[in-house]
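Structure first, commentary second.
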Amino acid sequence: MPRFFTDTLSGDRASLTGEDAAHISRSLRLKPGEEIDLCDGKGMDYHCRILTVGDPVELEILSRCSSESEPRVRLVLYQACPKGDKMELIIQKAVELGAFAVVPVLTDRCISRPDGKSMAKKLVRYQKIAEEAAKQSGRGIIPEVRSLLTLKQAAETYEGKGIVFYEKGGERLQNLITGEEETVSLFVGSEGGFAPEEIDELTEKGVLPATLGKRILRCETAPLCGLSVVLSLTGDI
């Protein structure tokens, strides 16, 4: 069932415009009378019938219900900036898995060091990737890709239980996740990992070092592995 996000909802009517309207009429070639699913981006799903095709696409809301696709635990990924387009892959897959938000972080060993202007452009693309991944995976929200932070800023503002994946050791996630957490913040390094003093800085703020096993994972593999394990431990996978 095609799925779209919109905030244009009123009573038993809804509408889609722009790229979504064009996708319905030109790519999917849907006709009046056919049905699609909408989400308001706040966790509510709407099953709709198409009334008219064009720009806007007008829809009749047939039923509504709370989205069943959102994890119980809010997972916030603090990802040190990797080089190339690896961040795009990380954002896409993290959203598919169930991340609530992704926060790019600048650390000592980041090879990629975007300035404010280039980061602003990247964030527009990153948010678009998050939106497309949310549509594809049937999410009830569009996760936010937040503004770039320094590690110090991230350590001072992270939410819930903080966990940092460290290749030089730490507790197994099974020993850190109780299943009762409402929010978990996961810190993942770039290609060079975290410097020892950065781990000290995080642990001083209550962030717990964790291991993902005896193998060294790439910076684009570690966050997806960590998210999956936490979701499994909290009963969401």
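Convert by adding 3 to the 1-based position in the sequence shown; the result is the number in the numbering used here.
Ideal Cβ placement from N, Cα and C applies to all residues, glycine included.
- Item | Neighbourhood of S140 by C-beta distance below 6 Å, restricted to the same chain and skipping five residues each side | Counting from one through the sequence shown, the residue named residue 140 turns up at place 137. For S140, where only same-chain residues beyond five positions count, the Cβ hits under 6 Å are E99.
- Collapsed DSSP secondary structure at I240 in the structure displayed: Along the sequence shown, one-based indexing puts residue 240 at 237. Residue state, collapsed to three classes: coil.
- Closest by CA to C222, which one among A123, L205, S115? Within the sequence shown, the letter at position 219 stands for residue 222. Closest option to C222, judged by alpha-carbon separation, among A123, L205, S115: S115.
- Pick out the complete beta strand (DSSP E) segments inside the region 197–232, 3 residues or longer, and give them in chain order. The qualifying runs are 211–214.
- I145 and E134 closer than 8 Å at C-beta: Residue mapping note: residue 145 aligns to position 142 of the sequence shown, counting from 1. Residue mapping note: residue 134 aligns to position 131 of the sequence shown, counting from 1. I145 places its beta carbon less than 8 Å from that of E134.
- Message: Within a Cβ cutoff of 7 Å, which residues of the same chain sit near D111, ignoring the five residues on either side of it in sequence?
- Response: Working through the sequence shown from its first residue, we reach residue 111 at position 108. Hits under 7 Å: A198, E201.
- Whole-angstrom Cβ separation of T237 and R75, contact assumed at under 8 Å? The residue given as residue 237 occupies position 234 in the sequence shown. The residue given as residue 75 occupies position 72 in the sequence shown. So it is a contact: roughly 6 Å between Cβ atoms.
- Can you name, in chain order, every residue of its own chain whose Cβ lies under 7 Å from the Cβ of G44, other than the five neighbours on each side? For the purposes of this step, residue 44 is taken as residue 41 along the sequence shown, with counting starting at 1. So the qualifying residues of the chain are F8, D10, I144, I145.
- Message: Can you tell me whether K217 is buried or exposed? The criterion is at least 16 other CB atoms within 10 Å of its CB, across all chains shown.
- Response: The count along the sequence shown starts at 1 and reaches residue 217 at position 214. Under the 10 Å beta carbon count, K217 is surrounded by fewer than 16 other beta carbons and is classified as exposed.
- Query: Which same chain residues, not among the five before or five after P170, have their C-beta less than 6 Å away from its C-beta?
  - Reply: Here residue 170 is taken as the residue at index 167 of the sequence shown, counted from 1. Per the sequence presented here, residue 170 reads as Glu, with Pro not at that position. Excluding five sequence positions before and after E170, the CB atoms of its chain that fall closer than 6 Å to its own CB belong to G196, I219, given in chain order.
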